[in-house]
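Worksheet for the structure shown next.
Protein chains in written order, with my numbering: chain A, -7 to 351; chain B, 16 to 341.
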């Protein structure tokens, strides 16, 4: 147990001091987040407001024309159905539906806002209702002209960064697990470090377990850093349970570590290991739905994309983070991670070699 | 943990290298497909001696050592180390031995101090700072204790790997070609360290293809070639087994007839290649006298005339018909 503890501490020290690995594990995904944030967020900070029933009364017409004149509102009008669809797709922050007033007020205004985008949704709701209240006060002292109701709507259309960041996290877990582990173990074997460890009474199975546990610690650290950076830099919306996210991170990490062991089993030297791991991970990046939703890919690609484990990790993380999904909701993605790990470790057990040559 | 024990109890009651063998090898065989790397090797290593396995590259030295260390499984034979059956219990033997492998590969990004601490933990040894510092002092790496492995010179790496072999205060220490690639100064330092370890009560088994190393450092030497032990004794006894043999060398300008040289008194072999004269003799004074007279009679100059007594190189040559360096 003492030996195991020392091995884990040594592994973590090595991970931390290996600047190249640290760059690929942490800096590289962070650069992605910053870069995409820069590319996809203009300085357009106006609030998209959808108006339904502009012509309900002179008051509504007056209000809308004043909103058009005010800065910071981006007004579009349409039918209730089309505007609520737009809200649902995330294209509106607030939808105002005017209807003829009842019970004394001249006009009813029902405000729908996007709950999944708490920051912008709240701001938009606040701005719009404040505007309407001002109109109320300005138009007639005492009796409110407009009766305001609010209704929260959960949109299915999520911001691109909310889509991207769970994908980036999945990508980092894959890279650390597969490339990092394969490269390290092939180097250990090639340079005789595995043999040196074998010359001690410390069992190799414990050596591997220590390595896996250390890698899981690294994966969780990656998740914490990337999610924190996502919230701070890109306003990442976390609606799910972070504990579930960590469970998914762990399972995904195990799955890709097992694939790393498979690569290490078949690669003879570090160069082969690196190119083999890259040959697997690079296409996965684009076919695994990290940067764009897999649904938008052409039909002929779909069956191939269904075979890519990264997709299930990215999907699972996304649903757990952005939507309020539970692990049970994500059972299929969880199952893919577990079965990948089982198949991977099975193959690795069968084909892994401790010695680089047959001498 | 009595690593640098008082020199008083080093030799035991019967002097160095006596008593029951601490390592016993019988009929050891290792084959790789059609190739027999180790061919029916018998060896006994005595307690508290420096035992050398001398042979050219590919002789089977490393393979033999790794089987004794429990790293490879032999195809046939028995190995006992400190009373442990290595083949039946390779883990138990790892607790009482220390191993330095031929390639000094270590984890990057860890300091010498951290590596010793880690391997001490892995070997079930003492991880206290006092013990680690003591090992660092023993291999004279005090100034490099916090340096990473890639900042160490070849000799320093070699000494670090010896420190790693000592973490569990082993009874038997195995060093696989410990001085290969070292400069002469670093090599001499390492020899001192190995002697010091022997003097502190350890048994040291090392492989080498340097005959000087076997000759000056080892208490006993096994000469190995093509997977077999061809001779095993103290370096002195091995050399003496060749008789009072010596070699006379000189440079000559003109050709000398080999048969004339061979007929000189005491000579049992002679050659002249590219003006380099080499005569093997059992009687240096008689041969030398006759050679000088011959040269004067024929009017031939002998430059760089020298005579040297036999070495392990000659032992190897006489057993295998080949030079160790080939």
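We treat Cβ as the ideally placed atom computed from N, Cα and C, and that holds for glycine. Keep in mind that this is a model prediction, so the values were computed, not measured.
DSSP links residue 42(A) through a beta bridge to 68(A) and 87(A).
The DSSP-derived three-state label of residue 324(B) is strand.
For residue 239(B), the beta-bridge partners assigned by DSSP are 244(B). For residue 162(A) and residue 321(A), the gap between their C-alpha atoms comes out near 19 Å. The beta strand (DSSP E) runs lying completely inside the segment 33 to 70 of chain B and spanning 3 residues or more are 36 to 47, 50 to 61 and 65 to 69, given in chain order. With fewer than 16 other Cβ atoms inside 10 Å of its own Cβ, residue 47(B) counts as exposed.
The contact set of residue 10(A) on chain B, defined by CB atoms closer than 9 Å, consists of 123 and 124 in chain order. Shown here, residue 128(B) sits in a helix according to DSSP, grouped into three states. If the five residues before and after residue 170(A) are omitted, its C-beta is found closer than 8 Å to the C-beta atoms of 248, 249, 251, 252, 255, 269, 272 and 273, all from its own chain and listed in chain order. Close partners of residue 46(B) in chain A (Cβ separation under 8 Å) are lacking, with about 12 Å as the shortest Cβ gap.
Nearest CB-CB separation between residue 240(A) and chain B: not below the 8 Å threshold.
When DSSP states are grouped into helix, strand and coil, residue 330(A) belongs to the helix group. Taking C-alpha positions only, residue 224(A) is separated from residue 32(A) by approximately 16 Å. Residue 208(B) places its beta carbon 8 Å or farther from that of residue 287(B). Annotated three-state conformation of residue 29(A) is helix, per DSSP. Residue 194(A) reaches chain B at 137, counting residues in chain order whose Cβ is nearer than 7 Å. Between residue 281(A) and residue 303(A) the beta-carbon gap is near 5 Å, inside 8 Å, which marks them as a contact. Interface criterion not met: the Cβ of residue 209(A) is under 8 Å from no Cβ in chain B.
From the beta-carbon of residue 185(A), the residues of chain B found nearer than 8 Å are 120, 121 and 122.
When 9 Å is used as the limit between beta carbons, residue 203(A) is near no residue of chain B, the shortest such separation being about 12 Å. Under the DSSP assignment, residue 219(B) falls in the beta strand (DSSP E) whose first and last residues are 218 to 223. Of all residues in the segment 55 to 85 of chain B, those with a C-beta nearer than 9 Å to a C-beta of chain A are 77, 78, 81, 84 and 85, reading in chain order. DSSP places residue 105(A) inside the beta strand (DSSP E), whose first and last residues are 99 to 106. Taken through DSSP and simplified to helix, strand or coil, residue 255(A) comes out as helix. Per DSSP, residue 214(B) lies in no beta strand (DSSP E) segment; the continuous alpha helix (DSSP H) that holds it begins and ends at 199 to 214.
By the CB criterion at 8 Å, residue 93(A) and residue 165(A) fall outside the cutoff. Residue 50(B) has its alpha-carbon roughly 22 Å from the corresponding atom of residue 191(B).
A straight line joining the alpha-carbon of residue 42(B) with that of residue 182(A) spans about 31 Å.
Considering only 344(A), 101(A) and 115(A), the residue with the shortest C-alpha distance to residue 125(A) is 101(A).
In this structure, the alpha-carbon of residue 75(A) lies about 42 Å from that of residue 330(A). Around residue 172(B), the same chain offers 119, 121 and 164 as residues with beta carbons nearer than 8 Å, after the five sequence neighbours per side are excluded. The beta carbons of residue 113(B) and residue 232(B) sit about 17 Å from each other, so the pair does not count as a contact at 8 Å. Taking the C-beta atoms as reference points, residue 235(B) is found no nearer than 8 Å to residue 214(B).
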